[in-house]
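In terms of the numbering used here, the sequence shown is residues 5 to 279. Glycine is no exception: its CB is placed at the ideal position from the N, C-alpha and C atoms. These numbers were taken from a predicted model, which means no experiment stands behind them. Here's the structure, in structure tokens; my notes come after.
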Amino acid sequence: MELWYTERQTDNLGLTLRIKETLCVERTAYQELAVLDTYQYGRMLVLDGAVQITEWDEFIYHEMITHVPLCTHPAPRHVLVVGGGDGGTIRETLKHASVERADLVEIDERVIQVSRQHLPFVSRSLDDPRARVPVSDGISFVKKTRAAYDVILVDSTDPVGPAVGLFAPEFYAAVARALRRDGIFVAQCKSPYLDQGLIRQAFSHVSQVFKIPLLYTAAIPTYPSGYWCFLLGSKAHHPLQFDEPRARALETRYYSPDVHRAAFALPKFVQDSLK
Ligand code: SAM
């Protein structure tokens, strides 16, 4: 029998994949969680019906959310990842030799446990001695923290359920307080084709808090529309003045110094949508 899974990305658009094996389906305290093995894209983590990562294209998202800010900061030592319980962003963070500690604050312990069991290509990094994995709400964790991090990466689900507050103005202000004087923040910020209202609002909030607010993009095939946004707020360092030799030396498959620069060149409709 053929099994197919469809993510309903909008009321009129979906992503459909043929399933080799259903590895796990459960309701956690926070969300509906599934790990499916697909013929086309390998193993895939799905939360509340939305694809979070696939084995085939996760490198694009994880490299881009991580290396753009970490190569912009001259010497990132302490990094916080909010969400990201699969471990992919921590894996990329730990490629930077200057990083002494990478904290992952994930609200849903089951995401971490299930990723450890079924998604070792991302979760293996969580066993690195430089990684700490406190299970907690990222919003209250960040609110309690003062000037402790060089870089904060918000690798969250879309703004539903516990992630709603991660897109709120008070959260961006708390992130700024949790960062050091020259800290940098990046958050995933959905699709420039499908989510212009959300992006405009988030960009405007971040512009009120950070001296250098910028948007950059990447092509990610399994996310809605295949084109994705990252929102960056920096207190001092401009991302176009980044450490090119360090960026070139990283072992990556998507990110490179050229891609770093090009990611900030926004198509005109994206630029216009911020106004
Ligand atoms: N790469 C993904 C994407 O953009 O679709 C994100 C993947 S990651 C698994 C998202 C994680 O954010 C989920 O595991 C979810 O439990 C976590 N999360 C949502 N709200 C959170 C909060 N308030 N604090 C900490 N983690 C949160």
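- Query: So does S160 have its beta carbon nearer than 7 Å to some heavy atom of ligand 2?
  - Reply: Among the ligands modelled here, namely ligand 1, ligand 2 does not occur.
- request: Have a look at the DSSP bridge pairing and note the partners of F189.
  value: Counted from its first residue, the sequence shown places residue 189 at position 185. I156 and G237.
With three or more C-beta pairs closer than 8 Å as the rule, is the region 215-223 touching the region 249-268?
Contact holds between the region 249-268 and the region 215-223, because three or more Cβ pairs, one in each stretch, are under 8 Å apart.
Can you tell me where the alpha helix (DSSP H) with T93 in it begins and where it stops?
Walking along the sequence shown from the start, residue 93 turns up at place 89. Run containing T93: G92 to T97, per the alpha helix (DSSP H) assignment.
ask   = So what's Y259 in DSSP terms, helix, strand or just coil?
value = Working through the sequence shown from its first residue, we reach residue 259 at position 255. Three-state result, Y259: coil.
Hey, is L170 close to ligand 1, as in C-beta under 7 Å from one of its heavy atoms?
Position 166 of the sequence shown, counted from the start, is the residue given in the question as residue 170. For ligand 1, at least one heavy atom lies less than 7 Å from the Cβ of L170.
Stretch-stretch touch, CB-based, cutoff 8 Å, three pairs: the region 146-153 with the region 196-204 = The region 146-153 is not in contact with the region 196-204.
Distance CB(V179)-CB(I156) smaller than 8 Å
Residue 179 sits at position 175 when you count from the first residue of the sequence shown. Residue 156 sits at position 152 when you count from the first residue of the sequence shown. Less than 8 Å separates the beta-carbon of V179 from that of I156.
Would you call the region 182-202 and the region 117-126 touching, i.e. three or more CB-CB distances under 8 Å? When Cβ pairs closer than 8 Å are counted between the two stretches, the region 182-202 is seen not to touch the region 117-126, the count staying below three.
Discussion item. If you reduce the DSSP assignment to three classes, tell me which class V139 lands in.
Written reply: Counting from 1 along the sequence shown, the entry for residue 139 is found at position 135. Residue state, collapsed to three classes: strand.
Start and end residues, alpha helix (DSSP H) containing M68: Taking the sequence shown and counting its residues from 1, one reaches residue 68 at position 64. For M68, the uninterrupted alpha helix (DSSP H) segment begins and ends at E62 to T76.
*Might you give, ordered along the chain, the residues of its own chain that have their beta carbon closer than 8 Å to the beta carbon of E59, omitting 5 neighbours on each side?*
In the sequence shown, residue 59 corresponds to position 55, counting from 1. If we look at E59 and ignore the five residues flanking it on each side, its Cβ neighbours are Y45, G46, R47, M48, L123 and F125.
Notebook entry, point to check: Can at least three beta-carbon pairs, one atom from the region 23-30 and one from the region 81-96, be found at a separation below 8 Å?
Noted result: Output reads no: the region 81-96 does not touch the region 23-30.
* Work out the CA separation of M5 and R252 for me, nearest whole Å. => As a first step, residue 252 is located in the sequence shown; it is residue number 248 there, counting from the start. As a first step, residue 5 is located in the sequence shown; it is residue number 1 there, counting from the start. Taking the straight line from one Cα to the other gives about 47 Å.
message: On the criterion of 16 or more Cβ atoms from any shown chain inside 10 Å, does G18 qualify as buried, or is it exposed?
response: Sequence index remark: in the sequence shown, residue 18 carries index 14 (1-based). Classification for G18: exposed.
Nonlocal neighbours in the same chain, by C-beta distance under 6 Å from D330, ignoring five residues either side: This structure leaves residue 330 out entirely; the chain is present only between 5 and 279.
Using the C-alpha atoms, what's the distance from F63 back to T20?
Stepping through the sequence shown from its first residue, residue 20 is reached at position 16. Stepping through the sequence shown from its first residue, residue 63 is reached at position 59. Each residue's alpha carbon lies about 21 Å from the other.
> Nearest CA to the CA of R184: which residue from D154, R114 and A266?
Replying inline: Numbered from 1 along the sequence shown, position 180 holds the residue referred to as residue 184. Put simply, of D154, R114 and A266 the residue whose alpha carbon is nearest the alpha carbon of R184 is D154.
*asked:* If you reduce the DSSP assignment to three classes, tell me which class Q13 lands in.
replied: Taking the sequence shown and counting its residues from 1, one reaches residue 13 at position 9. Strand at Q13.
Candidates P80, T42, M68 and T32, of which the one nearest H241 by Cα: Indexing the sequence shown from 1 puts residue 241 at position 237. Nearest option by C-alpha distance: P80.
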